[in-house]
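Once you know that position 173 of the sequence shown is 173 in the UniProt record's numbering, the rest is easy, because the numbers rise by one and skip nothing.
Don't be surprised by glycine CBs; every beta carbon is placed ideally from N, CA and C.
Notes to accompany the following structure.
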Amino acid sequence: MARRKKLYEGKAKILYEGPEPGTLVQYFKDDATAFNAEKKDVIDGKGVLNNRLSEYFMTGLNNIGVPTHFIKRINMREQLIRQVEIIPLEVVVRNVAAGSLSKRLGIAEGTALPRPIIEFYYKDDALGDPLVTEEHVIAFGWAAQQDLDDMVALSLRVNDFMSGIMLAVGIRLVDFKIEIGRVWDNDFQRLIVADEISPDSCRLWDIETGQKLDKDVFRRDLGNLADAYTEVARRLGVLPSNVTHATKPHLIN
Ligand code: TMP
Numbered sequence: 001m002a003r004r005k006k007l008y009e010g011k012a013k014i015l016y017e018g019p020e021p022g023t024l025v026q027y028f029k030d031d032a033t034a035f036n037a038e039k040k041d042v043i044d045g046k047g048v049l050n051n052r053l054s055e056y057f058m059t060g061l062n063n064i065g066v067p068t069h070f071i072k073r074i075n076m077r078e079q080l081i082r083q084v085e086i087i088p089l090e091v092v093v094r095n096v097a098a099g100s101l102s103k104r105l106g107i108a109e110g111t112a113l114p115r116p117i118i119e120f121y122y123k124d125d126a127l128g129d130p131l132v133t134e135e136h137v138i139a140f141g142w143a144a145q146q147d148l149d150d151m152v153a154l155s156l157r158v159n160d161f162m163s164g165i166m167l168a169v170g171i172r173l174v175d176f177k178i179e180i181g182r183v184w185d186n187d188f189q190r191l192i193v194a195d196e197i198s199p200d201s202c203r204l205w206d207i208e209t210g211q212k213l214d215k216d217v218f219r220r221d222l223g224n225l226a227d228a229y230t231e232v233a234r235r236l237g238v239l240p241s242n243v244t245h246a247t248k249p250h251l252i253n
């Protein structure tokens with residue numbers, strides 16, 4: 001079979017040309033990076049887990065009427081998605097202080113926030129994805145005011161959905177990042193959730209113990225990242241019982 005044409009390779013995923021116009025194939029790699037790729041590793045099976053988990057969250061969002069780019073999972077590491085024009089902003093929603101918010105404002109990690117806080121970061125690796133305000137977004141034309149309003153509404157719906165799903169399995173959704181893209185349905189432009197939703201892009205803490213079950217395990221050297229993601233997948237019931245996070249053949253001694 002002819003190999004698909006690679007269109008883009010990012011830090012954790014590759015995009016290939018899709019089988020039909022307006023579609024792409026999104027491949028999940030095992031690569032993990034942090035701090036703008038200053039820290040790097042390959043975590044066996046991470047791509048398989050994130051493919052499954054992103055499928056699970058995006059399918060749920062589609063089912064409740066929050067539009068996403070997800071069409072269907074193709075195999076262990078690939079999914080078929082709608083091609084979108086990515087808005088060059090990372091949208092972060094925070095329910096509990098952690099990470100860069102805690103650092104920037106001196107608020108202890110774990111402090112509950114009075115309301116969900118939404119932040120925009122400009123997607124530019126060379127600049128280290130800086131925090132920007134709505135003024136910057138509009139002045140520099142990255143999105144229009146109407147887009148920003150739609151992005152806020154979409155992000156809050158994702159927050160409520162993800163918070164509920166996580167709460168049901170004893171996990172606190174501390175914060176998360178999503179990316180949003182534009183699509184055209186006939187003459188109408190719509191904004192839809194794109195990229196991925198996975199433990200790479202969320203902070204997930206066990207409600208009882210506070211144990212971290214997200215990429216902070218890698219960022220902060222807290223243990224085995226694939227074990228943490230497997231635990232999330234297991235609790236959500238999305239891990240097929242015969243598939244563990246090990247994807248390579250292993251010699252049995
Ligand atoms: P932060 O506290 O480092 O700003 O991260 C906020 C959330 O965004 C957290 O859930 C991790 C996620 N995130 C990404 O998905 N990609 C990134 O490049 C960064 C910096 C954070």
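Query raised in the report: Whose C-alpha, out of N62, I74, E78, is nearest the C-alpha of residue 268?
Result: This structure gives no information on residue 268, because the portion of the chain shown stretches from 1 to 253.
Query raised in the report: Is the beta carbon of G99 within less than 7 Å of some heavy atom of ligand 1?
Result: yes
Report task. Out of V25, F120, V84, D31, point me to the one whose CA is closest to H136's CA. Result -> Of the candidates V25, F120, V84, D31, the one whose C-alpha sits nearest the C-alpha of H136 is F120.
Query raised in the report: On the three-state DSSP scale, how would you describe L127?
Result: helix
Query raised in the report: Pick from I43, G110, P21: whose alpha carbon is nearest that of R219?
Result: I43
Query raised in the report: Are the beta-carbon atoms of D30 and K11 separated by less than 8 Å?
Result: Cβ atoms of D30 and K11: not closer than 8 Å.
Query - Nearest neighbour of Y122, chosen from P67, S155, I86 [CA to CA] - result: I86
Query - When D187, I81, L154, P130 are compared against L15, the one with the closest alpha-carbon - result: Comparing Cα positions, the closest option is I81.
Query raised in the report: Which whole runs of the alpha helix (DSSP H) in the region 32-103 are 4 residues long or more, in chain order?
Result: List check, alpha helix (DSSP H) in window: 46-63.
Query raised in the report: When we look at the beta-carbon of K72 and count the other beta-carbons within 10 Å, is it buried (16 or more) or exposed?
Result: exposed
Query raised in the report: E90: beta carbon under 7 Å from a heavy atom of ligand 1?
Result: yes
Query raised in the report: How close, in whole Å, do the beta carbons of M166 and L156 come, if the pair is a contact with beta carbons under 8 Å?
Result: L156 and M166 do not touch by the CB rule: their CB atoms are close to 16 Å apart, not below 8 Å.
Query - DSSP three-state assignment for G181, whether helix, strand or coil - result: DSSP places G181 in strand when its eight states are reduced to three.
**Report entry** R203 CB to nearest heavy atom of ligand 1 below 7 Å
**Finding:** yes
Query raised in the report: Can you give the Cα-Cα distance for V232 and E179, rounded to whole angstroms?
Result: Roughly 22 Å between the two C-alpha positions.
Requested in this report: Mind reading off the beta-carbon distance from T68 to M58? Whole number of angstroms is fine, and I expect it under 8 Å.
Outcome: 4 Å
Requested in this report: With a threshold of 7 Å, establish whether the CB of F28 neighbours any heavy atom of ligand 1.
Outcome: no
Query - Cβ-based neighbour list, I207, same chain, cut-off 8 Å, excluding 5 preceding and 5 following - result: L167, G170, I171, R172
Query raised in the report: Which term fits F28, buried or exposed, when burial requires 16 or more other beta carbons within 10 angstroms of its beta carbon?
Result: buried
Query raised in the report: For A144, which three-state DSSP category applies?
Result: coil
Query raised in the report: Got a sec? Which residues, its chain only, sit under 6 Å from L127 by beta carbon, not counting five neighbours each side?
Result: none
Query raised in the report: According to the Cβ coordinates, are D200 and N50 closer than 8 Å?
Result: yes
Requested in this report: Going by CA-CA distance only, name the one from F140, R203, P130, G181 that's closest to V93.
Outcome: R203
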